[in-house]
Amino acid sequence: MRSSNPVLGRFATAAQPTAAPGRPPGYGPGYGPGHEAGYGPGYGYPGQSAPMRVDGDVMTLDDVVVKTVALLGTAVAAAAATWLLVPAPALGPLWIASMVIGLVLGLVISFGQITRPPLLFAYAIVEGVFLGAVSQAFEARWNGIVTQAVIATLSVFFVMAWLYKARIIRATPKFTRIVIGAAVGLVAAMLVNLVIGLFSGSAGPLRDGGALAILFSVVCIVVAALMFVINFSQIEEGIAAGLPRRYGWLGAFGILVELVWLYLEFLRLISYFQDE
């Protein structure tokens with residue numbers, strides 16, 4: 322089952338071990354005497370070298386949580402520093418620069434399946450700078466909007482985590498196809514709106530604060546919330562497959578990406594009503 326998040330949609334299959342009959346999850350036919358410290362044959366794709374691991378060097382839920390908190394904390398710290406230290410006239414250029422750099426780093430990490438902490442923390446810092454610049458600009462115009470957006474974002478995240486843990490919502494194949502299809506459609510709509518905005522010099526119909534813009538942000542929030550369910554499922558499957566511990570970084574990175582998207586959509590939605 323693949324996620325619409327390119328990180329969590331690929332790492333579970335890109336590194337999933339092939340379990341031999343009667344063997345523990347995460348071990349191929351080479352598991353046994355002389356192979357306890359590694360995966361042995363059967364790991365990954367045919368011809369792929371078998372990465373070695375020591376006992377306990379496996380992906381766990383606690384480890385993913387710790388890594389998620391670490392990346393999120395780094396992003397928040399960078400955002401706070403940007404908010405406090407960067408003067409208002411520099412926000413615009415910094416906003417654009419950090420957005421572009423963050424997009425490039427995000428694509429490199431996602432499609433390169435990067436699990437190196439330095440690059441992941443670099444992404445968190447750049448994304449934090451972007452969020453700090455955006456948040457300061459929004460707060461300068463609408464007092465209290467950042468607090469409202471943060472509360473709304475965390476509330477949705479924890480509600481979806483509870484719904485998933487209680488198995489009230491499950492990432493079935495049909496559910497996954499619908500959510501992925503909706504996410505792809507939203508991305509396409511955003512690109513079209515961006516092109517319209519570039520040529521018209523306006524925010525475009527999907528971001529101009531009108532009725533259509535409000536509806537679009539609501540749909541984005543709903544889809545982003547449902548994507549958490551797919552992401553949680555991918556992480557759970559990775560843990561069950563006994564993936565190496567380093568893949569927890571990709572799970573944490575994926576959650577950070579979703580949180581950022583959800584927060585930005587809440588900022589936009591709340592701002593529309595503030596204008597009214």
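Throughout the sequence shown, residue numbering follows the numbering used here, covering 322 to 597 in sequence.
Ideal placement from N, C-alpha and C gives every residue a C-beta, glycine not left out.
Predicted model only: the values in this text are computed from it and were never measured.
List the whole-angstrom C-beta distance separating Ile560 from Leu382, where the pair is believed to meet the contact cut-off of C-beta under 8 Å. Looking up residue 560 in the sequence shown gives position 239. Looking up residue 382 in the sequence shown gives position 61. The Cβ separation is near 6 Å, so the contact holds.
Buried or exposed (CB count within 10 angstroms, at least 16 for buried), Thr468: Taking the first residue of the sequence shown as 1, we reach residue 468 at position 147. Under this definition Thr468 is an exposed residue.
Length of the line joining the Cα atoms of Leu585 and Pro565: For the purposes of this step, residue 585 is taken as residue 264 along the sequence shown, with counting starting at 1. For the purposes of this step, residue 565 is taken as residue 244 along the sequence shown, with counting starting at 1. Cα-Cα distance, rounded: 32 Å.
Taking 8 Å as the threshold (C-beta atoms), are Ala504 and Met548 in contact? Here residue 548 is taken as the residue at index 227 of the sequence shown, counted from 1. Here residue 504 is taken as the residue at index 183 of the sequence shown, counted from 1. Against a cut-off of 8 Å, the Cβ pair of Ala504 and Met548 comes out as a contact.
Here's the rule: buried if 16 or more other CB atoms are within 10 angstroms of the residue's CB, otherwise exposed. What is Thr493? Along the sequence shown, one-based indexing puts residue 493 at 172. Answer is exposed; the Cβ neighbour count stays below 16.
Would Ala524 and Gly518 be called neighbours here (beta carbons separated by less than 8 Å)? For this step, residue 524 is matched to residue 203 along the sequence shown. For this step, residue 518 is matched to residue 197 along the sequence shown. Closer than 8 Å, so yes.
Ordered list of alpha helix (DSSP H) runs contained in the stretch 433-485, each at least 4 residues: 438-462
Reduced DSSP secondary structure (H/G/I, E/B, other) of Met380: What you label residue 380 is simply residue 59 of the sequence shown in a count that begins at 1. Residue state, collapsed to three classes: coil.
Sorted by chain position, which residues of the same chain lie with C-beta nearer than 6 Å to Leu590's C-beta, five sequence neighbours on each side aside? The residue labelled residue 590 in the question sits at position 269 within the sequence shown. Around Leu590: Ser538.
Quick one: what does DSSP say Pro565 is sitting in, helix, strand or coil? Taking the sequence shown and counting its residues from 1, the one referred to as residue 565 is at position 244. Strand at Pro565.
State the DSSP-derived secondary structure class of Ala492, mapped to helix, strand or coil. Taking the sequence shown and counting its residues from 1, one reaches residue 492 at position 171. DSSP places Ala492 in coil when its eight states are reduced to three.
Check whether the stretch 440-447 touches the stretch 396-405, counting contact only when three or more Cβ pairs, one atom from each stretch, lie closer than 8 Å. yes
Taking 8 Å as the threshold, find out whether the stretch 468-479 comes into contact with the stretch 429-444 through three or more Cβ pairs. no
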